[in-house]
């Protein structure tokens with residue numbers, strides 16, 4: 057009985073590539089003085105900026121920091137190195153005189169009082185262009201609260217007022233928005249509590265050793281990261297500024313320490329470096345508002 061040996065090769069048949077063989081060292085942890093395990097990234101719950109400038113603290117009436125101190129608590133309050141006050145309808149001269157009064161017991165970081173201006177934008181008008189240019193000519197940072205549904209026409213109108221206001225200026229001071237627009241290098245955006253028809257979800261106190269985020273807080277962080285990601289891509293970390301109060305025209309409510317924890321964790325969960333965190337919570341505000 058004869059048998060036919062199978063062919064050793066066939067025309068047109070694909071040859072399987074040899075399997076790569078990796079050395080065992082590829083699966084071994086790197087040698088380090090701290091141990092023989094891979095180094096894990098820091099947990100978002102433990103990532104804090106080295107210092108904080110709260111760039112949006114609304115105070116109505118006489119200058120009084122007791123409410124902010126109470127809301128800030130031990131974590132935010134202990135890291136605070138400066139405040140940017142929003143003083144709606146305040147007499148600026150009297151307020152500055154009050155802050156510079158040596159008999160007042162204000163925090164040491166308010167010994168120097170640089171000032172900035174703020175306005176609300178609805179549409180581009182000749183009066184609005186002239187007013188913005190007047191402020192920029194005096195070297196003052198200007199906060200702009202965009203109070204219009206964001207659309208292509210509104211953004212084009214805002215581009216128009218910015219372009220005309222800065223034309224011919226040798227040096228343009230920062231323009232800080234409560235809405236995202238990154239087409240101009242002088243434009244910054246503030247990272248403030250959103251107006252979502254609910255107060256900012258609270259964070260458990262330090263006495264609680266282990267806790268899980270509430271469903272509401274998880275949903276807030278999910279939505280914050282959904283908006284924050286594109287803002288980070290458009291502006292970069294050098295032009296995002298943290299503030300604890302909602303924008304002046306917002307009806308939302310928020311406690312300073314709750315928003316700090318929510319903003320900090322949302323930012324850290326996006327996998328950013330420590331330098332990014334320090335810039336958003338401190339360095340950018342110091343640069344814009346002249347806190348030297």
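In our numbering, the protein residues as written are 57 to 348. Virtual Cβ for every residue (Gly too), placed ideally from N, Cα, C.
For the beta strand (DSSP E) containing residue i, name the first residue and the last one.
i	result
residue 136	136–142
residue 119	It is not in any beta strand (DSSP E) - residue 119 carries neither H nor E in the DSSP assignment.
residue 246	243–247
residue 198	198–202
residue 298	296–298
residue 228	Residue 228 -> no beta strand (DSSP E), and no H or E assigned at all.
residue 112	108–114
residue 174	173–177
Have a look at residue i and residue j and give me their C-alpha separation to the nearest angstrom.
i	j	result
residue 187	residue 243	17 angstroms
residue 205	residue 198	21 angstroms
residue 289	residue 282	12 angstroms
residue 106	residue 182	43 angstroms
residue 296	residue 345	13 angstroms
residue 219	residue 212	10 angstroms
residue 332	residue 254	28 angstroms
residue 195	residue 301	25 angstroms
residue 265	residue 258	Interpretation of residue 265 is limited by its pLDDT of 36, a score under 50 that renders its predicted location unreliable; no figure is taken from the coordinates.
residue 217	residue 208	14 angstroms
residue 339	residue 133	17 angstroms
residue 116	residue 180	29 angstroms
residue 102	residue 185	45 angstroms
residue 125	residue 252	24 angstroms
residue 317	residue 178	32 angstroms
residue 306	residue 241	26 angstroms
residue 104	residue 330	8 angstroms
residue 236	residue 121	Unreliable placement is indicated for residue 236, whose pLDDT of 43 sits below 50; the coordinate value is still reported in the next sentence. Their Cα atoms are separated by approximately 29 angstroms.
residue 94	residue 285	Model confidence at residue 94 stands at a pLDDT of 48, short of 50, so the residue's coordinates are unreliable and nothing is read from them.
residue 139	residue 214	28 angstroms
residue 210	residue 221	17 angstroms
Among the options, which residue has its Cα nearest to the Cα of residue i?
i	options	result
residue 193	336, 219 and 225	225
residue 322	249, 339, 338 and 306	249
residue 141	325, 171 and 329	171
residue 334	293, 299 and 222	293
residue 342	330, 306 and 299	299
residue 191	230, 178 and 209	230
residue 303	143, 102, 215 and 117	143
residue 227	251, 189, 202 and 256	189
residue 309	256, 210 and 284	256
residue 118	150, 139, 284 and 221	150
By the DSSP assignment, the alpha helix (DSSP H) with residue i in it spans what residues?
i	result
residue 334	330–334
residue 314	312–324
residue 216	208–222
residue 345	340–345
residue 187	182–193
residue 290	271–291
So, does the CB of residue i fall closer than 8 angstroms to a CB anywhere in chain B?
i	result
residue 340	Absence of chain B from the displayed structure is noted, only one protein chain being present.
If we call anything under 8 angstroms between Cβ atoms a contact, is residue i one with residue j?
i	j	result
residue 247	residue 136	no
residue 200	residue 223	no
residue 202	residue 173	no
residue 287	residue 245	yes
residue 291	residue 108	no
Taking one C-beta from the region 107–125 and one from the region 271–278 each time, how about it: are there three or more such pairs within less than 8 angstroms? Contact fails: fewer than three Cβ-Cβ distances are below 8 angstroms.
Three or more beta-carbon pairs under 8 angstroms between the region 310–318 and the region 124–133, yes or no? Cβ pair count under 8 angstroms is three or more, so yes.
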